[in-house]
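Contents: one structure, followed by commentary.
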Amino acid sequence: MQLAAVILVDGLVYASYLFMVAVGLTVIFGVQRVLNTAHGSFFAFGAYLAAMLIGAWYKAGWPAYGGFLIIVVSAAVVGIVLGLIIERCLLKYLYDRDEHIVVLATFAAFLALEDVILLIWGTDPYYAIQPVQELGATQIAGLKFDNYNLSMIAISGVLALSLWYALRRTTWGKMLLAVIYDREVSRAMGINVTAVFLITFILGSILAALGGAYLAPTISVLPGIGVEVIVIAFAVVVIGGMGSIPGALIGAVIVGISRAAAVHLLPSIELFVIYIIMAGVLIFRPEGLFVPVKARRI
Amino acid sequence: MHTLKFRGMTRTLGASLVTALVMGPGSALAKDEITMAVPTFTTGAGGPAFGVPGKQGVELLIDAINAGTMPAPYNTKGMGGARVKALVYDESGGNTKQVAELRNKVQKENVDLVVGYVSSGSCSAIAPVAEELKILTLLTVCGTPRVFEELVKEPKYVFRTINHAVASNLSLARYVVEKYGDKNGYTGVNPNYAWGQDSWRDFDMSMKVLAPKMIQTTTPQFPKLFGGQFGSEISAMLRAPEQIVHSSVWGGDIESLIFQGQPRGLFDNKLFLFTVGDSAVYRLGKQFPMGSLVGARGPYGIYASTELNKSPLNVWFQREYRARYKEQPSQAAYQYAQGVLAAKYAYDRAQAGNGGKFPSTDQVITALRGATFTSLAGTVRMSLSKGHQAVTEDMWGVLFWDMKLNEPMVRDVVTYPPECVNPPADALDSTEWIKAGMKGTKC
Amino acid sequence: MSRLADRTVIGLSISAVVLMALAALIPNWMLFIFLQSFARGAVALGLLVLWRSGLISFGHALYFAAGAYGAVFMQRMIANDAFAMVAAGLIASGALAFLLGFLLRQYRGIFFALLNMAFSMVLWGLLAKTEALGSTDGLSIVAPRFFGMVFAGDQSKLAIYFFAIVLTWMFSVAVHLYMKSTLGAMSTAVRENEIRLEYLGYSAHRAVHVKYVISALLAGFGGVLMGMTVGIVDPDSMAYWTVSGEFVFITILSGTGNVAATYIGAFVFEIIRSLAFQYSPKLWQLIMGGALLLIIMFLPNGLWSVMARLRKARAS
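Residue numbers (this note's numbering), protein chains in the order written: chain A, 7 to 304; chain B, 449 to 891; chain C, 19 to 334.
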């Protein structure tokens with residue numbers, strides 16, 4: 007019983023991290039049909055900027071809550087700046103190209119951005135652990151869990167709810183859904199598809215950067231942290247159904263809990279449990295758990 | 449601008465092509481400069497822990513060697529009378545790329561020797577190639593015993609100037625049995641790749657021989673290397689009944705494990721054995737869990753602090769390193785520097801044996817094979833694997849914060865002589881040797 | 019007869035002879051770059067076969083690694099012979115692709131690409147955690163024999179070089195002839211409109227399955243070649259997803275124009291990487307990424323389109 011509770015908490019913490027990195031990817035794919043490999047770079051940029059600023063903030067001895075503000079601000083800054091650059095200077099020219107080519111273009115952007123990170127921040131790691139220490143720990147099922155990681159579950163929940171609300175209950179959301187369903191018809195109906203694309207991409211980038219910024223205080227921020235994120239986010243998105251926000255949520259929860267269960271019960275498969283689930287889901291549900299509607303072309 | 453640069457590149461390429469064609473490899477001219485290729489992690493996750501200190505150690509030593517400002521017995525200028533130029537390059541990118549790079553360095557850029565390599569993967573990949581290319585190669589950090597026990601059984605050009613990894617896990621087991629024999633048992637959290645798996649295996653086997661009564665019921669954890677998320681593993685450790693946790697994590701992993709484990713009380717409940725903890729101790733400072741056991745793969749880093757090692761060579765290195773880089777030298781700085789010193793020792797000795805003339809590579813190899821030389825942190829004997837594998841002392845102790853020095857320090861230090869933690873020269877397979885009860889050790 | 023006298027076949031044959039003659043002239047490191055280009059080029063050729071049907075795999079490192087490990091197994095357990103090792107690599111990758119093909123042939127587009135990636139990452143995980151298979155340090159390959167003949171030192175690299183050229187030439191000609199055949203010509207039909215193809219009485223699934231196995235065989239061959247060239251096989255440089263990414267990189271770089279293009283693409287890839295690394299060790303990824311972006315933007319049909327354009331210009 008205690009083990010089950012521990013697996014659940016561990017799994018949900020990991021799932022909330024997965025959701026943060028996967029949801030932006032799925033939104034961008036849903037709207038723009040772009041599988042964005044550079045997503046991992048946005049994550050890394052978010053982590054670096056947050057870690058650097060938080061470090062400086064606490065060094066200056068300013069009030070503690072500022073650390074949390076910095077996380078949000080860095081995510082927004084990274085998302086807007088990088089999102090704008092990548093969408094306007096690269097993707098804009100590729101929307102009518104083969105989807106594989108677009109993936110490769112973002113892969114190229116990812117390679118280049120890896121070195122840009124080195125140019126900006128160098129090889130030394132950045133630490134920003136103060137926010138974690140601020141929040142303390144809670145006893146659950148006889149084990150100590152730190153509140154910072156637990157708060158990630160709440161943040162992800164709020165994120166999921168607000169995205170759902172924005173999509174279903176606002177005009178902008180409805181426009182977005184229309185574009186997802188049929189790009190050409192939406193354009194004919196007078197929706198500014200270009201603007202929708204840009205806004206979506208920036209939003210997705212902010213979400214990726216938020217994942218990085220939020221995770222920054224719990225890790226050592228150093229070169230290469232973006233590589234891991236991409237494939238894991240890919241896997242979650244594919245499991246949930248590409249382009250589906252509830253899919254990303256369910257996918258994240260499934261992967262998160264499976265991994266936690268593997269660690270506790272069968273550590274030898276931890277390394278690739280995610281990919282086994284991904285292959286398994288695709289075998290039975292070829293387009294993932296939540297399949298977006300698609301027209302058949304004859 | 450770009451076309452110009454590109455044209456420059458093609459021209460250099462053409463020129464080196466021609467040079468290679470005309471002169472052929474290894475043309476023996478009188479040398480006034482030798483080029484030393486130094487592979488280490490300048491990018492990627494291995495950079496801060498090993499790459500940067502390694503590079504700094506090399507640069508400091510080479511500048512001093514060229515200027516002739518090192519203390520005796522290394523107070524002559526250059527190596528074998530020649531100036532040394534270090535060509536530091538990146539070790540990341542995988543084994544295939546490392547093999548390609550070694551070929552480029554040897555055949556295109558005509559380096560004279562290679563001193564470096566952090567990762568066991570790189571060493572395993574390049575050791576046979578180095579033999580094929582006939583390039584003198586001194587491995588500095590990587591630990592896998594496979595290099596000489598399986599891949600290059602008859603080495604000529606490849607040497608390793610540090611203990612192989614078996615020694616540090618065996619000495620750790622001895623230390624644990626000696627000081628913490630009353631603990632109930634041990635488990636592990638090691639990165640899931642060759643280094644982590646080997647480290648656990650060596651420690652586990654040594655413990656089974658030395659303390660058969662200690663329990664080990666919890667399955668050891670093998671998190672993905674640089675996975676960054678240890679939440680579930682920490683929970684699993686907290687639930688485990690064993691009081692000791694063996695861990696060979698390093699780089700970003702050791703830092704993330706500490707950051708995530710600290711608020712959850714992991715280190716209050718468990719005694720952690722960080723086999724390469726020294727590589728993170730100085731960077732983390734007070735964040736590092738005090739009371740843990742930290743290793744440095746030998747008498748390096750924190751174990752070579754001037755509190756513990758007052759040899760003139762070491763005092764000089766500590767002073768110069770701290771002055772130049774504004775930080776303490778951690779293990780990789782010592783280990784890379786040791787490789788450079790081994791080269792200097794061998795070139796100088798070979799030069800002396802060659803009537804003061806610059807020696808050939810074969811003479812340098814003869815000078816180094818089976819040699820005993822003084823390094824920064826103690827004596828190195830090239831006594832295993834036909835004189836190509838070094839043995840040194842190994843040291844273990846408990847980490848604490850030294851108020852007086854205002855930096856981390858180790859207490860309860862035990863020094864293990866090389867014969868105590870290394871297999872004898874005639875043991876062919878060190879893993880089998882541990883399993884068979886470690887015959888022939890002298891402690 | 020006219021088929022064999024095809025311009026591409028002649029071109030490939032001439033190139034093979036020229037490359038063999040070059041062996042006497044080029045420095046050793048260049049030989050190594052050529053060998054790597056043959057290996058990666060073979061995988062890219064496999065991807066090209068798939069791409070003609072509109073499919074791209076982000077996981078062909080799976081077969082690259084399967085071939086390489088198959089060859090190691092053959093060398094260590096059964097027979098140390100280059101031909102036997104290639105055979106083992108082909109059997110390993112071909113059998114695996116045949117099995118997975120039943121599943122994968124039902125997928126198209128990005129799902130096909132990503133499901134391949136998932137399988138390759140499972141293999142990577144298995145290899146990385148299994149100590150008996152060398153874990154991440156990998157397993158070494160010693161210089162192979164050729165029908166019992168032993169070559170030592172530098173000669174052994176030369177032997178591998180000639181061996182590689184002959185086999186690469188054979189495979190490339192075979193693939194070229196296949197793509198010109200009826201089954202091969204169906205590729206484009208699969209890409210353009212699968213349903214229409216089915217109405218014509220062909221099975222799109224079978225066509226994809228056949229192509230999938232062919233592409234895996236080529237990837238397996240590439241893996242064996244790479245293993246022999248480098249002397250070690252390991253999961254990180256053979257099965258990780260970034261390796262698959264490089265293969266796709268080379269395929270796009272080369273373009274679908276011609277069989278030979280993939281080898282030129284692979285060679286350009288190796289040269290850019292080697293030079294970028296030598297002259298700008300800190301920014302080589304930036305250079306690689308930048309080069310790729312430029313190609314995608316300005317050479318949408320790959321390097322081969324430059325050749326085609328030049329030829330056109332000369333003609334007019």
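C-beta: ideal position from N, C-alpha, C; glycine also.
Within the same chain, show all residues whose beta-carbon is closer than 8 Å to that of Met-886 of chain B, passing over the 5 residues directly before and after it, in chain order. Its chain contains Leu-618, Ser-654, Val-657, Pro-871 as the residues whose beta carbon lies nearer than 8 Å to that of Met-886 of chain B, once the 5 sequence neighbours on both sides are disregarded; these appear in chain order.
With a threshold of 8 Å between beta carbons, is Gly-230 of chain A in contact with chain B? By this cut-off, Gly-230 of chain A is an interface position.
What number of angstroms, rounded off, separates the C-alpha of Gln-173 of chain C from the C-alpha of Pro-521 of chain B? Each residue's Cα considered, the two are about 43 Å apart.
Give a yes or no on whether 8 Å exceeds the smallest Cβ distance from Leu-465 of chain B to chain C. Residue placement at Leu-465 of chain B is poorly supported in this model, since its pLDDT is 44, which falls under 50; the coordinates are not used for a value here.
Quick one: what's got a C-beta closer than 7 Å to Ala-326 of chain C's C-beta in the same chain, skipping five residues either side? So the list reads Gly-275, once near-sequence residues are dropped.
Between Ser-695 of chain B and Asn-640 of chain B, is the Cβ-Cβ spacing less than 8 Å? By the CB criterion at 8 Å, Ser-695 of chain B and Asn-640 of chain B fall outside the cutoff.
Neighbour-count burial assignment, Ala-11 of chain A, 16 or more Cβ in a 10 Å radius: Label assigned to Ala-11 of chain A: exposed.
Under 6 Å Cβ to Cβ from Phe-203 of chain A, same chain only, skipping five residues before and after it: list those, please. Taken in chain order, the residues that qualify are Gln-38.
Which residues, in chain order, does the stretch 636-662 of chain B contribute to contact with chain C at a C-beta distance below 7 Å? From the stretch 636-662 of chain B, only Asn-640, Tyr-641, Ala-642, Gln-645 have a Cβ closer than 7 Å to chain C.
6 Å Cβ shell around Leu-151 of chain C - same chain, five flanking residues per side excluded: So the qualifying residues of the chain are Leu-145.
Take the Cβ of Pro-603 of chain B as the centre, count every other Cβ of all protein chains shown within 10 Å, and call the residue buried at 16 or more, exposed below. With 16 or more Cβ atoms within 10 Å of its Cβ, Pro-603 of chain B is classed as buried.
Looking at Tyr-795 of chain B: is its Cβ nearer than 8 Å to the Cβ of Tyr-748 of chain B? Annotated as distal: Tyr-795 of chain B and Tyr-748 of chain B, with beta-carbon spacing of 8 Å or more.
Are the beta-carbon atoms of Ala-239 of chain A and Ala-28 of chain A separated by less than 8 Å? In this structure, Ala-28 of chain A lies closer than 8 Å to Ala-239 of chain A by Cβ.
Same chain, Cβ closer than 7 Å to Pro-131 of chain A, five either side skipped, listed in chain order: Within the same chain, Cβ atoms closer than 7 Å to the Cβ of Pro-131 of chain A are found at Ser-226, Val-227, Leu-228, the five residues on either side in sequence being excluded.
Quick one: does Gln-555 of chain B have its CB under 8 Å from some CB of chain C? Among the CB atoms of chain C, one or more fall inside 8 Å of the CB of Gln-555 of chain B.
Below 8 Å on C-beta distance, what does Ser-274 of chain A contact in chain C? Simply Lys-147.
Within its chain, find whatever has a CB closer than 7 Å to the CB of Leu-65 of chain C; leave out the 5 residues flanking it on each side and keep chain order. Its chain contains Ile-74, Ser-75, His-78, Ser-233, Phe-265, Val-266, Thr-269 as the residues whose beta carbon lies nearer than 7 Å to that of Leu-65 of chain C, once the 5 sequence neighbours on both sides are disregarded; these appear in chain order.
Looking only at its own chain, which residues have a Cβ that is under 6 Å from the Cβ of Val-297 of chain A, when we skip the five neighbours before and after it? Once the five neighbours on either side are set aside, the close Cβ partners of Val-297 of chain A are Gly-247.
With distances taken Cα to Cα, identify the nearest neighbour of Trp-698 of chain B among B:Lys-774, B:Val-566, B:Met-484, B:Ala-575. Across the set B:Lys-774, B:Val-566, B:Met-484, B:Ala-575, the C-alpha of B:Val-566 shows the shortest separation from the C-alpha of Trp-698 of chain B.
Give the C-beta separation of Val-84 of chain A and Ala-215 of chain A to the nearest angstrom, bearing in mind that I take them to be a contact with Cβ-Cβ under 8 Å. Their Cβ separation, rounded to whole angstroms, is 4 Å, which keeps Val-84 of chain A and Ala-215 of chain A in contact under 8 Å.
For Met-662 of chain B, tell me which candidate among B:Gly-888, B:Tyr-634, B:Lys-672, B:Phe-674 has the shortest Cα-Cα distance. For the residues B:Gly-888, B:Tyr-634, B:Lys-672, B:Phe-674, the minimum Cα distance to Met-662 of chain B belongs to B:Tyr-634.
Relative to the C-alpha of Gly-89 of chain A, which residue among A:Met-284, A:Tyr-220, A:Ile-212, A:Gln-145 is closest? Ranking A:Met-284, A:Tyr-220, A:Ile-212, A:Gln-145 by Cα distance to Gly-89 of chain A puts A:Ile-212 first.
Within chain B, the residues that Pro-131 of chain A reaches when beta carbons sit closer than 8 Å: Contacts between Pro-131 of chain A and chain B, judged by CB atoms closer than 8 Å, involve Pro-496, Gly-700, Glu-703, Arg-731 in chain order.
Which residue comes first and which comes last in the alpha helix (DSSP H) that contains Asp-716 of chain B? Per DSSP, Asp-716 of chain B belongs to the alpha helix (DSSP H) from 714-717.
Is Val-828 of chain B helix, strand or coil by DSSP? Of the three classes helix, strand and coil, the one that applies to Val-828 of chain B here is strand, per DSSP.
Rounded C-alpha distance that separates Asp-16 of chain A from Pro-252 of chain A: Distance from the CA of Asp-16 of chain A to the CA of Pro-252 of chain A, rounded to the nearest whole angstrom, comes to 21 Å.
Taking 8 Å as the cut-off, decide whether the C-beta atoms of Ala-113 of chain C and Tyr-230 of chain C are in contact. For Ala-113 of chain C and Tyr-230 of chain C, no; Cβs fall outside 8 Å.
Are the beta-carbon atoms belonging to Asp-121 of chain A and Gln-303 of chain C less than 8 Å from one another? One thing to note: Asp-121 of chain A has its Cβ within 8 Å of the Cβ of Gln-303 of chain C.
So Phe-489 of chain B packs on Ser-540 of chain B, CB below 8 Å; how close in whole Å? About 6 Å; that satisfies the 8 Å criterion.
DSSP puts Asp-701 of chain B in a beta bridge; with which residues? Listed as beta-bridge partners of Asp-701 of chain B by DSSP are no residues whatsoever.
Consider the Cβ of Val-27 of chain C: report whether some Cβ of chain A lies at a distance smaller than 8 Å. Interface flag for Val-27 of chain C against chain A is unset, since no Cβ pair is found closer than 8 Å.
Could you tell me which uninterrupted beta strand (DSSP E) segments, each at least 3 residues in length, are contained entirely in the stretch 763-837 of chain B, listed from first to last along the chain? Runs of beta strand (DSSP E) with 3 or more residues, each lying fully within the stretch 763-837 of chain B, are found at 820-823, 826-832, listed in chain order.
Would you kindly report the start and end of the unbroken beta strand (DSSP E) that includes Val-861 of chain B? In this chain, the beta strand (DSSP E) harbouring Val-861 of chain B covers 855-864.
Does the beta-carbon of Ser-808 of chain B have 16 or more other beta-carbons within 10 angstroms, so that it is buried, or is it exposed? The residue is exposed, with fewer than 16 neighbouring Cβ atoms inside 10 Å.
Under the rule that 16 or more other beta-carbon atoms within 10 Å means buried, what is Thr-592 of chain B, buried or exposed? It counts as buried.
Tell me, please, whether the CB atom of His-45 of chain A is closer than 8 Å to any CB atom in chain B? Taking CB atoms only, His-45 of chain A has no neighbour in chain B less than 8 Å away.
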